[in-house]
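K.L.:
Pasting a structure below so you can have a look.
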Amino acid sequence: NAGVMQNPRHLVRRRGQEARLRCSPMKGHSHVYWYRQLPEEGLKFMVYLQKENIIDESGMPKERFSAEFPKEGPSILRIQQVVRGDSAAYFCASSPEFGRAGNQPQHFGDGTRLSIL
Amino acid sequence: GEDVEQSLFLSVREGDSSVINCTYTDSSSTYLYWYKQEPGAGLQLLTYIFSNMDMKQDQRLTVLLNKKDKHLSLRIADTQTGDSAIYFCAEEAGGSYIPTFGRGTSLIVHP
Numbered sequence: 244n245a246g247v248m249q250n251p252r253h254l255v256r257r258r259g260q261e262a263r264l265r266c267s268p269m270k271g272h273s274h275v276y277w278y279r280q281l282p283e284e285g286l287k288f289m290v291y292l293q294k295e296n297i298i299d300e301s302g303m304p305k306e307r308f309s310a311e312f313p314k315e316g317p318s319i320l321r322i323q324q325v326v327r328g329d330s331a332a333y334f335c336a337s338s339p340e341f342g343r344a345g346n347q348p349q350h351f352g353d354g355t356r357l358s359i360l
Numbered sequence: 010g011e012d013v014e015q016s017l018f019l020s021v022r023e024g025d026s027s028v029i030n031c032t033y034t035d036s037s038s039t040y041l042y043w044y045k046q047e048p049g050a051g052l053q054l055l056t057y058i059f060s061n062m063d064m065k066q067d068q069r070l071t072v073l074l075n076k077k078d079k080h081l082s083l084r085i086a087d088t089q090t091g092d093s094a095i096y097f098c099a100e101e102a103g104g105s106y107i108p109t110f111g112r113g114t115s116l117i118v119h120p
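Structure below.
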């Protein structure tokens, strides 16, 4: 499967725990984007990364949230000390190395559904 | 700021045409997208249109863009039950690389 792979598909955490969401981009893609989807809402941009670089994190909450995309391995979205309001679907998308996202549309994974007890 | 609006629900009969509408506010939009999301899945890119076009057709899908009114529509001909999903409109402003999404339109196709 050459698509964007996210895991786990479902993640349950208790308040105060940490959540780690993983995303492997499509083969040949080196740009990764994370979005959050609240119930009955559209996708809200969180962060845009390239290998070892955070390009735009303007959509990330100032506290508890962090993201990385190391030279080797998947991109990780990390949420520390989770709260009920973090319950959402988190989607990762990727796009090719060259070109803007506009003429190189983003391809999405199936998401991680995070539930906070 | 950027804002994308869509109606939340659309119900059609199988075999009819569906028209999903979207309005946006950013006049510098360069690309406009339609994505489909099936239950439990991610967003699948259906089609996109560049802002210098006013129409794009791809099999059963027709996209119409009225740039003056900042109105985008997606027409699905001969709608099938497999077309039931949430359809997201998204626009990408000039100079940006991050699309802004609407809240999605739930398309319900009934026999």
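If you read the sequences in order, they're chains A and B. Per our numbering, residue 244 is the first one in the first sequence, and the count goes up by one each step. Per our numbering, residue 10 is the first one in the second sequence, and the count goes up by one each step. Ideal Cβ placement from N, Cα and C applies to all residues, glycine included. The structure displayed is predicted, hence computed values, not measured ones.
If you measure from the beta carbon of B:Ile29 to each beta carbon in chain A, is any gap under 8 Å?
P.N.:
Judged by the 8 Å Cβ criterion, B:Ile29 is not in contact with chain A.
K.L.:
Measure the C-alpha to C-alpha separation of A:Ala310 and A:Ile319 and round it to an integer number of angstroms.
P.N.:
Each residue's alpha carbon lies about 6 Å from the other.
K.L.:
Drop a sphere of 10 angstroms on the beta-carbon of B:Lys77, count the other beta-carbons inside from all chains shown, and report buried for 16 or more, exposed for fewer.
P.N.:
Result: exposed.
K.L.:
Does A:His350 come within less than 8 Å of chain B when only Cβ atoms are used?
P.N.:
Interface residue, yes.
K.L.:
Quick check on B:Glu100: buried or exposed, where buried means 16 or more other Cβ atoms within 10 Å of its Cβ?
P.N.:
That one is buried.
K.L.:
I want to verify the contact list: residues of chain A whose CB lies under 8 Å from the CB of B:Phe97, in sequence order.
P.N.:
The contacting residues are Gly285 and Leu286.
K.L.:
Per DSSP, which one or two residues make a beta bridge with A:Ser330?
P.N.:
A:Ser330 is not bridged to any residue.
K.L.:
Just verifying my parser: in three-state terms, what is the DSSP assignment at B:Asp78?
P.N.:
B:Asp78: coil per DSSP, three-state reduction.
K.L.:
Could you please tell me which residues of the stretch 314 to 335 of chain A, in chain order, have their CB closer than 8 Å to any CB of chain B?
P.N.:
Here the close residues are Phe334.
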